[in-house]
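Residue numbers (my numbering), protein chains in the order written: chain A, 1 to 364; chain B, 365 to 728; chain C, 729 to 1092; chain D, 1093 to 1456. A short write-up of the structure that comes next.
4 protein chains.
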Amino acid sequence: MAGNSFGRILRLTTFGESHGPGLGGIVDGCPPGIPLNASDMQIELDRRKPGHGPTATSRRESDTVHILSGVFEGVTTGTPIAFVFANEDHRSSDYGNLADVFRPGHADWGFFKKFQGIRDHRGGGRSSGRETAARVAAGVIARKILEPLGTHVLAACVELGGLGLAADLWPDLEGARTRPYCAAHDSLPPLWDAAVAEARTAGETLGGVVRIEARQVPTGLGEPVFDKLDAVLAHAIMSVGAVKGFSVGEGFGAARLRGSANNDPLLPTNPPRPGQAVFASNHAGGILGGISSGQDIVLHAAVKPIASIAQSQKTVDREGHAATVQVGGRHDLSAIPRIVPVLEAMTALTLADALLLQRRFTSP
Amino acid sequence: MAGNSFGRILRLTTFGESHGPGLGGIVDGCPPGIPLNASDMQIELDRRKPGHGPTATSRRESDTVHILSGVFEGVTTGTPIAFVFANEDHRSSDYGNLADVFRPGHADWGFFKKFQGIRDHRGGGRSSGRETAARVAAGVIARKILEPLGTHVLAACVELGGLGLAADLWPDLEGARTRPYCAAHDSLPPLWDAAVAEARTAGETLGGVVRIEARQVPTGLGEPVFDKLDAVLAHAIMSVGAVKGFSVGEGFGAARLRGSANNDPLLPTNPPRPGQAVFASNHAGGILGGISSGQDIVLHAAVKPIASIAQSQKTVDREGHAATVQVGGRHDLSAIPRIVPVLEAMTALTLADALLLQRRFTSP
Amino acid sequence: MAGNSFGRILRLTTFGESHGPGLGGIVDGCPPGIPLNASDMQIELDRRKPGHGPTATSRRESDTVHILSGVFEGVTTGTPIAFVFANEDHRSSDYGNLADVFRPGHADWGFFKKFQGIRDHRGGGRSSGRETAARVAAGVIARKILEPLGTHVLAACVELGGLGLAADLWPDLEGARTRPYCAAHDSLPPLWDAAVAEARTAGETLGGVVRIEARQVPTGLGEPVFDKLDAVLAHAIMSVGAVKGFSVGEGFGAARLRGSANNDPLLPTNPPRPGQAVFASNHAGGILGGISSGQDIVLHAAVKPIASIAQSQKTVDREGHAATVQVGGRHDLSAIPRIVPVLEAMTALTLADALLLQRRFTSP
Amino acid sequence: MAGNSFGRILRLTTFGESHGPGLGGIVDGCPPGIPLNASDMQIELDRRKPGHGPTATSRRESDTVHILSGVFEGVTTGTPIAFVFANEDHRSSDYGNLADVFRPGHADWGFFKKFQGIRDHRGGGRSSGRETAARVAAGVIARKILEPLGTHVLAACVELGGLGLAADLWPDLEGARTRPYCAAHDSLPPLWDAAVAEARTAGETLGGVVRIEARQVPTGLGEPVFDKLDAVLAHAIMSVGAVKGFSVGEGFGAARLRGSANNDPLLPTNPPRPGQAVFASNHAGGILGGISSGQDIVLHAAVKPIASIAQSQKTVDREGHAATVQVGGRHDLSAIPRIVPVLEAMTALTLADALLLQRRFTSP
């Protein structure tokens, strides 16, 4: 109920503040017999690690994951998989001046109001982006559940600071992992370098858009009414800090299409097979009536500019008096690209959970 | 788990197919002592009723609601409130030809795959829009829980068939209820009449965008991590059929703003009061770090064109052979404006649930 | 959260007061393709129906069930199965004098305190035994899920008014269904007839003990820690009004056995087969470490005497003044035997839910 | 779903095997502002610690708890409270011979069947009693939530090896904490010393009965239908390994009382006050219709003899062949008294959760 858990059959619970003793998570409901070790997690965690690339902070976190339970002799046992990250880079003094003011655009005000004036103000406390390390680690477990089916999740940045892909180019997600900014195309990083340089000089931060795809998704995932697959994916993606918009398939563009243009016709396979079909297009983004159709799932997430700008901002203090805040600490210039593996992880967790839930209908 | 329930403390479970004996819902978790009767529900249900306005079907459903439990001597008792709608207009023969083919853009394919070939094909069965009548009825209970705090939810159509509000006009949600199309401005219906007439002639359907606002929302609602208030609202809104995109505040536009433009400064109240502030702007849309800030909550939902077009479409049959389908039955030309009270209801349910959950911190 | 739902994958939600317009339930999560119709339910409901047997009230309820959804062409569709019972025998005037006093041993006091003074006092309102009709109907769905595996549930009364089975006799559950009192042995009804006659003369009520068995239960059901199969069964059984004690296997008797007497040795099958064994005894009652072992599950439930006695009792009124209450209405002399099909239903629901949950580990 | 979580508003999730790197838990949903530190937990943990008293193993575990999150400047913040115990006494070799056989009376067989042949056999793995350390630590948080209301939980052993309290003595729970065996009366330890000595010589183990009381419980806790307070308490108590029976109030004894003897009359307070009453007796055990009445809650739990006896036992190996097992490792002779703080913790967790849930009805 307190919102620190996600998933029904495969269920992640996270804990921890950015400047306490440690943070981590528990994944409950993972089937037995799945090969897993900490180094599998570390590969994805390193993609989220601060200190890489042009939008990065100079802060260092080792983000080394330790698995405490649920794995025996290299495979999962079916019991809860707990993992922790120690917090090592405690420069809490950076945040001392934030105890009494509310940073604009941050979670400070909401936490203050929700938790009756009590709040761990150091580095965002529970609302710190560092919490997402646990999501990325858990996402690796989800990926391994999906892997035997060929199901996999990819994401890439398609827009940064308002600069997106030229209209005649197609996003290339496979190559994104090794490109600067996790960009969706080779043409993007040079554009973005200039925008980032300019923003850094201006003490500004930038937002962007991430495209997420899930490939080779089994048909039949998702529940018809409230837990439509796209509704749960929206929940998952919008639960990542800084995300302000979500869409599936044509998204907001679908509002401008006519029915005949937006519908995806079904065609026979060659040769025709009972209960089989191919789709002539994928405007729906792989989900029909809340249930996976077997086509690629295509999502977009809108990411706001990071709230911690290098400028003095107006705010109030706990007493309600006018104040200014100049955010210290070491902050990224954009949540892009570090947010990419987090969005992939949330997508993988949602799909793996839906897959395990759908198995209730499997006759053994 | 099977996705027919929504909410944690205030929990709605719906049931029923469009052409079975009846449909309805149960609201569990409503506090005792709230005045409620069926006529309160009927007012909102009549807004969702088919047969009104320029985009409507000629189908008639009485949508008369019967409360079966949970209300005694005009007030809620704290026990489950069940309500049913009888299905009266059983022209199932309209759908006989749909048993063996999959309508493009519909839930047919997904249901077929999910439920192992078993499906009530009449009028969409469980995926029928008629299911949303139960959501609207439940939304009335949520509204009544919110009412003593002044919290209320409004929505209006801001775009139809690609035609939106002129840049210098501001959406007027209070007036929408009595305007054709539940339009957000007097200038819109004339534009839309022409577009609808053209689309009808062409055998087409139209999509649009709905703006939803919640006013006088208490601060502190929403949970910090996975159940951020905007994440749960996204879940709620995306669970309504035909919705393909969701945003909060500036939404996808926030991706193009810089940090200094997107942050909302806090200003002192006059005179300053401890723990109080006003915001200089509302780019965030009333939610910071997943928690309500006290500002108006502002959401947008992208609605796709209805899949049932009056044209012959390519598809396959259960045997996988090529087929064409000409959708009979009586269908709206757009989900707008009937979807508006449904989106309001889902928003109200989410907020009332978050409110009751937040009360766990209240010392009696 | 409000406690009107039970189950995780197969989930029953009930609603309704004894004297409102109707009551019923929704079963969500039933797999598609299971043959089901109302008459299947009616057979079990008739076992719970008042007016039969020596402990019965003279009240008549038709308890005719109507299925509203989730069944199409004689089989379940995988969508929610809703069913209702109309309330026909509204002699609410019997209860008019109960609005202002609290009947000893009844739920009146707790409801008054919980729901802030608001309560439907007619016939117990929500706490009426009539709510269990919905459990029995839902239990039929659970039985049908279990049936293809051979898994079935039986129960019988082994004690009434302190009179139980002679030490050298063994309970015979198969025959109980057709015996008076749903008695576990032919020797019991004559004993009990005398006790019941005496109690009726004295204006008293009687309690008893019910034995429940589940046969041919698959191994591996139940979750290791908090949701041990016996813990969930305890929850299920103790949720039935009037049940004051629960045990599995030797139960309280196990506290008096030594380890060597209580352990159940495993023996080879003949011939030995990998991963197969037979047990030399069943002191555990079919559950080891919270997981079904494959042996018969054996439970006992202690049932208190019905609180509505035909005597004047001391109580207080809403103003806190001393009062007496003479319970009118028409009441059974014992919850036995009508409680038997309810306990069977709760057991079947628990097992079917555990079975569907366990299927998450099934590779399709 | 996977059963490693308990509670609705206050929710404990535990993880860890007895011989992996560590175990622990997360408590989610604790209100902010509650004073808490690790030493509060340690006091209760030391009661559960092995190596004390006449039934103890010689194994040593430090059971030192480390809080990782959710506490800042000595008070809870409202965010998840995670805590871990390192596993220090890894004598896994004691268990090497158990990898291929199933110990009678243990969870081995069930785990093997449930998790498809995969199982951490060292020290019971996930089914080890060591998991209950996390419950005891979490119980301290629950106690602190209850403390301001005066609500507190006590327990004591009332029977061991069949030897219980003389009929004319009354259990004294306040003194139990400092008595050997956590005994309910000074007269018990001498009786039990002799029985334990005899059992140890015989290579046997003993079971017993624990009485649990909750005092000064607010009225109105518990939900009317499936989540009756006694049903949830039964779930909680039966989820503790070795518990085979549960009862509330008169329990199985209620089955032998007549209605007039079992009902608890309500009497006026002096002077009478609206909505107030005192009860003339407490046969119900503090719960009426599933809702706390304000009287003391009285529960009993039947504890089986520990399955690890110092005798050779018949079993089978993974191949299904006959085998014998002589359990090595270091084992207690009885779960009593170490189970006592665990049962107290589960009771406190259930009550604190019910309390926070009931606050949904509190008008702020």
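Ideal Cβ positions, reconstructed from N, Cα and C, are used throughout, including at glycine.
Cβ pair residue i, residue j closer than 8 Å
i: Ala970 of chain C; j: Ile1037 of chain C; result: no
i: Ile809 of chain C; j: Ile873 of chain C; result: no
i: Val589 of chain B; j: Asn4 of chain A; result: yes
i: Leu720 of chain B; j: Pro104 of chain A; result: no
i: Leu697 of chain B; j: Arg486 of chain B; result: no
i: Ala520 of chain B; j: Cys546 of chain B; result: yes
i: Val303 of chain A; j: Ala619 of chain B; result: yes
i: Ser645 of chain B; j: Thr583 of chain B; result: no
i: Asn1355 of chain D; j: Ala835 of chain C; result: no
i: Ile1228 of chain D; j: Glu1109 of chain D; result: The sequence shown places Val at residue 1228 of chain D, not Ile. In this structure, Glu1109 of chain D does not lie closer than 8 Å to Val1228 of chain D by Cβ.
i: Gly386 of chain B; j: Val465 of chain B; result: no
i: Gly1314 of chain D; j: Ala1446 of chain D; result: yes
i: Thr79 of chain A; j: Pro31 of chain A; result: no
In DSSP terms, what residue i is bridged to
i: Gly936 of chain C; result: C:Leu888 and C:Val1031
i: Gly22 of chain A; result: A:Ala86
i: Val278 of chain A; result: A:Leu267
i: Arg1103 of chain D; result: D:Asp1120
i: His1244 of chain D; result: D:Arg1307
i: Val65 of chain A; result: A:Phe85
i: Ile651 of chain B; result: B:Ser656
i: Ile1431 of chain D; result: In DSSP, Ile1431 of chain D forms no bridge with anything.
i: Thr688 of chain B; result: B:Lys678
i: Ser1036 of chain C; result: For Ser1036 of chain C, which the question treats as bridged, DSSP gives no partner whatsoever.
i: Ile1126 of chain D; result: Ile1126 of chain D is not bridged to any residue.
Per-residue DSSP class, three states only, for residue i
i: Gln1405 of chain D; result: strand
i: Gly867 of chain C; result: helix
i: Ser767 of chain C; result: helix
i: Lys228 of chain A; result: coil
i: Arg943 of chain C; result: strand
i: Lys113 of chain A; result: helix
i: Val439 of chain B; result: strand
i: Ile118 of chain A; result: coil
i: Val196 of chain A; result: helix
i: Lys777 of chain C; result: coil
Interface partners of residue i on chain D, CB under 7 Å
i: Ile373 of chain B; result: Arg1452
i: Thr1043 of chain C; result: Pro1357 and Leu1358
i: Met1 of chain A; result: Arg1100, Ile1101, Arg1103 and Gly1121
i: Pro218 of chain A; result: Within chain D, no residue comes near Pro218 of chain A; the closest Cβ sits about 20 Å away, beyond 7 Å.
Chain B contact residues for residue i, given Cβ-Cβ distances below 8 Å
i: Pro1316 of chain D; result: Thr443
Within chain D, the residues that residue i reaches when beta carbons sit closer than 8 Å
i: Lys1032 of chain C; result: Glu1342, Ala1346, Ala1347, Leu1349 and Asn1354
Chain-ordered neighbours of residue i on chain B, where CB pairs are closer than 9 Å
i: Gln844 of chain C; result: Pro395, Pro396, Gly397 and Gly442
Interface partners of residue i on chain C, CB under 9 Å
i: Ala1247 of chain D; result: Within chain C, no residue comes near Ala1247 of chain D; the closest Cβ sits about 15 Å away, beyond 9 Å.
Neighbour list for residue i in chain D, Cβ cutoff strictly below 9 Å
i: Arg119 of chain A; result: Pro1124, Phe1164, Thr1169 and Gly1170
Proximal chain B residues relative to residue i, where beta-carbon distance stays under 7 Å
i: Pro104 of chain A; result: Asn627, Asp628, Pro629 and Leu630
Cross-chain neighbours of residue i in chain C, by beta carbon under 8 Å
i: Leu462 of chain B; result: In chain order: nothing, as chain C lies at least about 14 Å away.
query: Name the residues in the stretch 1430 to 1451 of chain D whose C-beta lies less than 8 Å from a C-beta of chain B; which are they?
result: So the list reads Leu1448, Leu1449 and Arg1451, given in the order they occur along the chain.
message: Taking beta-carbon pairs under 8 Å, can you tell me which members of the stretch 1216 to 1235 of chain D lie near chain C?
response: Listed by position along the chain: Arg1218, Ser1219 and Glu1223.
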